[in-house]
Amino acid sequence: MVALDDVSVVYGKNEALSRVAVQFPPGAVGLLGPNGAGKSTMIKALLGFVIPTHGEMRVLGLDVRHKASEIRARIGYMPENDSHIPGMNAVTFVAYCGQLSGLPPVDAMQRAHEVLYYVGLGEARYRKVETYSTGMKQRIKLAQALVHDPDLLFLDEPTNGMDPKGRDEMLALIHDLGHNKRVNLILCSHLLPDVEHACDHVIVMDKGRVATQGPIATLKGSGGSVFELRIKGDLPRFVEVLRGEGLEAHGTDEDVMRVLVPAGRSARDVFALAATQGMQVRHLRPSVPTLEDVFIDAIEGGGRAHS
Amino acid sequence: MPIHDQSYRRYTGEKRPVRSAWLVIARAGLMDFLRRRAFLALLIIAWIPFIVRASQLFLATNFSQAATFLEATPQTFRDFLSQQSIFVFLITVYVGSGLIANDRRANALQLYLSKPVTRAEYILGKMSILAVLLLAVTWLPGILLLLLQIAFSGSFTFIKANSSLIASVTLYCALTVLVITFGMTALSSLSRSSRFVGILFAGLLIFSDAMFNALRFITGSTAISWVSVQASLDQVGDLIFRQTPRHQTPVAVSFLVLMAVIVVSASVLERRVRGVEVVA
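Chains as they are written, first to last, in our numbering: chain L, 1 to 307; chain F, 1 to 280.
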């Protein structure tokens, strides 16, 4: 679907993307990373808003540098921040976006009605977009990205500013698009549960580089085992000790931590380390690996377990 | 599929290559303004001078006594277009100030430019809105007056005697609209506030004109008329209508000033109309 080959993007002296080489498979792909990791920059580079200083990019098999217009006709983009065409009601706005993407006016209007119903704005489609709540604005951004039935959707932080119910509904829509409607999509987010819920494949970015990537199920399952651990003693020091021994650990609560034990090692190593440090293990329970574990391992541990 | 079916479906119709996105933008923008009552009122008022001039032509061609002081000359058409400049100003402020500023305020540029719309098409679409509405209060009534002159007099004598008048009206209107449209669109791309843009446009026109008048008063010469956009338009307009230039500035200099406005505006638009603002 999307391929980047040795791509670098520089803003002044700041390298936002550093020699990124990655391929996005078809289906629902999550682009995950902390703020400033380079996710949005990558999307903007793929859309042609930002020109890379180095490397090549292909979207849907087309070169971004030379076929930008053809690519934009086949993709949908839901931007991160609030955006709309001022002075229009929802259905006019979405139909207008459809026309700009190449739909005949009659088809654009018909699709606008359908898509607005699909995203849950059917009853509010004659209201001015300026009067919409934050959640409704997120939905209409999705509608304008969908109206021309794109081959690939770029969704940049689609649940930003939404209440829990709205967020669940938005994620359900994205999941439905990716899995039932067979729309290829790239979901750019810093929220792990969003990506875990809606995507099958994830690419984790950090500091302008790809930290790890792969199918979520594989990443969660192939990196060894995860334990919930509670100790009596100096918790930060023990985390350092664990990391020093190649076991990634991070706190989840006041005195509970999650320890990622790589394949080939076991819980006995944790007990042995605690014993050498004179600490009591109060609680140790096997846990199910989550995307958060993968993420933290990739960001803090350099992707030892999965890359 | 009925409209109440709330599911998403793939589009099976034909998508056409988008080669005229600017037309879609221009049409939507024009419809937006033509739906506003305040703007329609302004448009109607802008056509009142046309009715007055049409009455003048009617009287001059049908009543011989009136013809002595109401007879149409090329100057009549030049004066008519000069009178329309107040409406050109009002429509430019009303329509032009928000053309890009409103899109910048609503972050709409990234939406436009994520579609198969190039920056040039976007700018052309936005400029077309203002240009069409300005031509509707300058060129269109000007040409209609010429046609009415022929119709009322029942002969082509006037138009044969002044064969260059159609070209003069067209050229002068085109130049005025081009300079003002470029200038206003560029100003509109500089801010997110349409009010600020409107004030800036008015300020620049008034300031440059005031500066010209002050310098004329001090130096006693009109050779400095190039500092005023309006004076430069008048100067070139005189040449287009084959009249004696009203200022001492060489017409070529006035023309260069107008071209400079267009070039600078194009450069501003090239820098300001982007899908993303990068602060390095």
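For each residue, glycine too, the CB sits at the ideal point set by N, CA and C. Since we're looking at a predicted model, the values are computed, not measured.
Query, Result
"Listed in chain order, which residues of the segment 135-146 of chain L have Cβ atoms closer than 8 angstroms to some Cβ of chain F?", "144, 146"
"Does the segment 223-230 of chain F come within contact of the segment 59-70 of chain F, defined as at least 3 CB pairs closer than 8 angstroms?", "no"
"Output the boundary residues of the alpha helix (DSSP H) element that contains residue 240 of chain L.", "235-244"
"Is there a C-beta anywhere in chain L that falls below 7 angstroms from the one on residue 108 of chain F?", "yes"
"Where do the ends of the beta strand (DSSP E) carrying residue 184 of chain L lie?", "184-189"
"For residue 96 of chain L, which option in L/141, L/63, L/66 has the closest C-alpha, if you only look at C-alpha atoms?", "L/141"
"For residue 116 of chain F and residue 29 of chain L, what's the separation of their Cα atoms in angstroms?", "24 angstroms"
"Looking only at its own chain, which residues have a Cβ that is under 7 angstroms from the Cβ of residue 79 of chain L, when we skip the five neighbours before and after it?", "141, 156"
"Below 6 angstroms CB to CB, which residues in the same chain sit around residue 279 of chain F once its five sequence neighbours on both sides are set aside?", "Since pLDDT at residue 279 of chain F reaches only 48, below the 50 mark, its modelled position is unreliable, and the value read off the structure follows with that caveat. Once the five neighbours on either side are set aside, residue 279 of chain F has no close Cβ partner at all."
"For residue 57 of chain L, which residues does DSSP report across the bridge?", "L/4"
"Measuring straight from C-alpha to C-alpha, what distance separates residue 34 of chain F and residue 27 of chain F?", "10 angstroms"
"Can you list, in chain order, the residues of its chain with a C-beta nearer than 6 angstroms to that of residue 180 of chain F? Leave out the 5 residues immediately preceding and following it.", "92"
"Helix, strand or coil: which one does DSSP assign to residue 271 of chain F?", "helix"
"Which value, in whole angstroms, describes the spacing of the CA atoms of residue 74 of chain F and residue 162 of chain F?", "7 angstroms"
"So residue 135 of chain L is in the alpha helix (DSSP H); what residue range does that whole segment cover?", "134-146"
"With a threshold of 16 other CB atoms inside 10 Å of the CB of residue 11 of chain L, please say whether the residue is buried or exposed.", "exposed"
"Please check if any C-beta of chain L sits within less than 7 angstroms of the C-beta of residue 272 of chain F.", "no"
"The alpha helix (DSSP H) spanning residue 167 of chain L covers which residue range?", "164-179"
"Report, in whole angstroms, the separation of the C-beta atoms of residue 175 of chain F and residue 236 of chain F, which I expect to be a contact under 8 angstroms.", "7 angstroms"
"Chain L partners of residue 113 of chain F, CB-CB under 9 angstroms?", "47, 48, 49, 72"
"For residue 128 of chain L, list the residues DSSP reports as bridge partners.", "L/89"
"From the DSSP secondary-structure annotation, give me the bridge partner or partners of residue 205 of chain L.", "L/210"
"Can you tell me which of F/71, F/191, F/259 puts its alpha carbon nearest to the alpha carbon of residue 103 of chain F?", "F/191"
"In the DSSP assignment, the alpha helix (DSSP H) including residue 217 of chain F goes from what residue to what residue?", "194-219"
"Can you tell which of L/209, L/273, L/280 has its C-alpha closest to the C-alpha of residue 31 of chain L?", "L/209"
"What does the Cβ neighbour count give for residue 66 of chain L, buried or exposed, with the cut at 16 atoms within 10 Å?", "exposed"
"Just tell me which of L/293, L/112, L/174 has its CA closest to the CA of residue 218 of chain L.", "L/293"
"Starting from residue 55 of chain F, trace the alpha helix (DSSP H) both ways and give me its first and last residue.", "48-62"
"Could you tell me whether the Cβ atoms of residue 241 of chain F and residue 78 of chain F are closer together than 7 angstroms?", "yes"
"Taking buried to mean at least 16 other C-beta atoms within 10 Å of its own C-beta, is residue 156 of chain F buried or exposed?", "exposed"
"Run through chain L and tell me which residues come within less than 9 angstroms of residue 96 of chain F, C-beta to C-beta.", "Near residue 96 of chain F there are no residues of chain L at all, since even the closest Cβ is about 15 angstroms away, more than 9 angstroms."
"Could you check where the beta strand (DSSP E) with residue 31 of chain L kicks off and where it finishes?", "28-32"
"Does the segment 31-40 of chain L touch the segment 109-121 of chain L, meaning 3 or more C-beta pairs lie closer than 8 angstroms?", "no"
"Can you say whether residue 87 of chain F is buried or exposed, counting buried as having 16 or more other CB atoms within 10 angstroms of its CB?", "buried"
"Should residue 194 of chain L go down as buried or exposed, given a rule of 16 or more other Cβ atoms within 10 Å for buried?", "buried"
"Buried or exposed for residue 153 of chain L, please, with buried defined as at least 16 other CB atoms from any protein chain shown within 10 angstroms of its CB.", "buried"
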